[in-house]
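Going by this note's numbering, the first residue of the sequence shown is number 138, and it counts up by one from there. C-beta atoms are modelled at their ideal positions from N, C-alpha and C, and glycine is treated no differently. Keep in mind it's a predicted model, so treat the numbers as computed, not measured. This report refers to the structure that appears directly beneath it.
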Amino acid sequence: MATLTQTYPSLVEVAKRLDPNGGIASIAEHLSKINPFLEDVPWIEGNLPTGHRITARTALPSPTWRRLNAGVDPAMSATVQVDETCGMLEAYSKVDVDLANINGNAAAFRASEDRAFVESFGQEVTRAFLYESAFTNPERIEGLAPRYNSTTVGQTASYTYKGTGTHSGSNCQSIWLLNWDPDRLFGIYPKGTIAGLNMEDLGKQLVPDANSKQFLAYVSRWQWKPGLCVRDYRYAVRLQWDPDDATMTDITTGLLTMMQNSLSQVYQLTSNARFYMSRTSFRKLNNQLMGKQANFMEYVELGKRRVPAYLGVPIRVMDSLVDETAIA
């Protein structure tokens, strides 16, 4: 069984560097256990208080075939700057002091409540990375799906595929091939801030109940300022298929062919490549692999866990990938 290692700083590693006491690092480790997507993402501190500004080259200089005793035309490249923004996700935990002290261990009781907040934040950040639209919700971040939303329009069209048969409705499924890289495709947090989920213990405070009456509670503030930076769109591929498409069982049009095409289409397949798919897609893939003479599914060790892999690329099965509207 092959063992794969990440070659970039994960959320846990970044958090450990920022918090020598281990408080934030502990939360980061819980997030990774709950949501493997967050374990895969490299996290980089942005160069702006609100996110990260990237400079992309849009045109190369044109050289001239020169003749003797003749000059050449001036040449220069062209670039464009894009700001990737971070959102601010926040919540407050309020636990009745007397309720927490019933079993004589308030810290343990609060920790059990904290796990729910860790789970909630992890799910929401993953959903946002996949589906959120800053155009629709300006206070949020721009996820992957709004960037790869057409097979015919825009620079990402060559990296967005759909099934060749029936493709309509709102129950379509996406498979993503993402090549994480700290300089190409990565998560960001604002300049001068802490990476990942930050919990601040605000101690005992009077808080109102549903009837605006006061009671004493332990209050914690939870905050995360995440963002997604796609510096090079060629490092991601989206495959969308329709479960109602009868042709998806065919060897030449099914998930196997789509995934193989994505591996050859992506600009560079790095050691940090990952496939992400729903349980529906994973079942479909397994069904197509059954009975085939060449089964390209294997298991590799990643983060001290055995995970399935297709042609050497680890597969992450995620419940955050849900039914989608068909793309054009």
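Is DSSP giving residue i helix, strand or coil here?
i       : result
Lys-231 : strand
Leu-100 : This structure gives no information on residue 100, because the portion of the chain shown stretches from 138 to 465.
Asp-177 : helix
Tyr-355 : strand
Arg-368 : coil
Leu-141 : strand
Ser-457 : coil
Ser-307 : coil
Met-225 : coil
Asn-335 : strand
Asn-316 : strand
Thr-462 : coil
Thr-192 : strand
Leu-197 : coil
Thr-394 : helix
Find the nearest neighbour of residue i within the set the options, judged by alpha-carbon distance.
i       : options                               : result
Val-209 : Gln-425, Ser-199, His-189 and Ser-349 : Ser-199
Lys-231 : Ser-214, Thr-384 and Leu-343          : Leu-343
Met-468 : Arg-420, Tyr-413 and Arg-443          : With the chain covering 138 to 465 only, the question about residue 468 has no answer from this structure.
Thr-297 : Thr-303, Pro-283, Ser-307 and Ser-305 : Pro-283
Tyr-285 : Ser-295, Glu-276 and Leu-322          : Ser-295
Gly-449 : Ala-463, Met-434 and Asp-460          : Met-434
Asn-172 : Arg-420, Pro-179 and Val-262          : Val-262
Ala-446 : Glu-461, Leu-400 and Val-459          : Leu-400
Thr-330 : His-189, Thr-462 and Phe-266          : His-189
Thr-437 : Arg-411, Glu-461 and Leu-458          : The residue you asked about is not Thr; residue 437 is Val in the sequence shown. The residue with the shortest Cα to Cα distance from Val-437 is Arg-411.
Tyr-326 : Thr-187, Ala-243 and Ala-196          : Thr-187
Gln-405 : Asn-423, Leu-315 and Asn-238          : Leu-315
Thr-461 : Phe-174, Thr-417 and Asn-242          : Reading off the sequence, residue 461 comes out as Glu, not Thr. Considering only alpha carbons, the answer is Thr-417.
Ser-270 : Glu-221, Arg-453 and Pro-179          : Glu-221
Met-395 : Gln-425, Thr-407 and Cys-366          : Gln-425
Anyone know if the C-beta pair for residue i and residue j falls short of 8 angstroms?
i       : j       : result
Arg-247 : Tyr-355 : yes
Arg-371 : Val-403 : yes
Gly-358 : Leu-339 : This sequence places Arg at residue 358; Gly is not what is there. Their beta carbons are under 8 angstroms apart, which means Arg-358 touches Leu-339 by this criterion.
Asp-382 : Gly-302 : yes
Gly-364 : Cys-223 : yes
Lys-299 : Leu-185 : no
Gly-259 : Tyr-268 : no
Gln-360 : Glu-256 : no
Gly-306 : Ala-465 : no
Thr-195 : Gln-218 : no
Lys-362 : Met-385 : no
Practice task
Let me know the beta strand (DSSP E) ranges lying completely inside the segment 244-300, each 3 residues or longer, listed in chain order.
Solution key: 297-299
Exercise for the section: For the segment 406-449, list the alpha helix (DSSP H) runs that are entirely contained and at least 4 residues long, ordered along the chain. Expected result: 416-426
Exercise for the section: May I ask you to verify whether the segment 373-386 touches the segment 305-313, counting CB pairs closer than 8 angstroms and requiring at least 3? Expected result: yes
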